[in-house]
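One structure below.
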Amino acid sequence: MSDPLKNSDRVLNKSALTMPPEAGYLASLLMDLRSLRNILNETKGLLDGQPGMIFFKLHSVHAQYLYKVVAAVVKTESIDEAVREAEANVEEYVSASDRLFQSLNQVLNLKLPHSGNFAFGVMAPLLAQDREFVTAFNAYMDGYQAMYTQALESAEACYDAGKKMEQETAAFLVEVRRTVSELEAANKVDQLLVSVYKKKIDMMDLTVRTRVQEARGRAEGYVKSLHEAWLAVSKAGRLTYTGR
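Using the working numbering, the first residue of the sequence shown is number 1, and each one after it goes up by one.
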């Protein structure tokens, strides 16, 4: 996320000093805007394109690990290592989702400093006469909207990765169970190994269905909430300079 707020604190402070009658309100607004800036900075590292890449990688390697399980079954080899890798990747998806959700909660709990503020509505005509204040204030608003855009995109990336992992796991389960059955029918594998295969495959199925589905379901909820919030933010007004 680029920083559209450079020098805006200085400009807003200057505006407060040059408007003595309104200094009290402006001081309060400045504090709220600084709080907004702190949130923007705190969420920057978590939301600045990173979640999309993280979840893309987790989804990509998930398919590779599933293939390794099938390949091991075809060779009638142990699937322990491949299963451990697949399950570890699932846990990393869940952990990455939890970290993202903490950041998204922070975003959703943040309120625009002037949202529904009667005083701001009264003061807006006067504030709009200060060109530098208008520029700085609008920069805060642009940063706020950009934060919501990236938060929404991050939640969508988490949801999409989880959904694809579930779909690929479902296809994998059909293939690997068919392969085990074919080997068993042809007496090409020891019955004890067949039992081990089936048990571990069932555990993988349970892990993905419970762990991934839960995180993906939460991500879907965040997508809906953030989309509604994004629409509201996109409609939030900016100040238009009216001075001479």
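Glycine is no exception: its CB is placed at the ideal position from the N, C-alpha and C atoms. The structure displayed is predicted, hence computed values, not measured ones.
- When only Cα atoms are considered, K198 and L206 end up about 12 Å apart.
- Exclusion of the five residues before and after L173 leaves D205 as the residues of its chain whose Cβ lies within less than 6 Å of its Cβ.
- Between W230 and L104, the beta carbon gap of about 12 Å keeps them out of contact (Cβ cut-off 8 Å).
- Between L226 and Y148, the gap from beta carbon to beta carbon is short of 8 Å.
- Note on T169: 16 or more other CB atoms within 10 angstroms of its CB, so buried under the neighbour-count rule.
- By the Cβ neighbour-count rule, P125 is exposed, with fewer than 16 other Cβ atoms within 10 Å of its own.
- Counting only runs that start and end inside the stretch 114-149, the alpha helix (DSSP H) elements of at least 4 residues fall at 118-127.
- In the three-state reduction of the DSSP assignment, A236 falls in the coil class, being assigned neither a helical nor a strand state.
- The closest CA to that of R216, considering only E166, D202, I79, is found on E166.
- Distance from the CA of Q50 to the CA of Y140, rounded to the nearest whole angstrom, comes to 22 Å.
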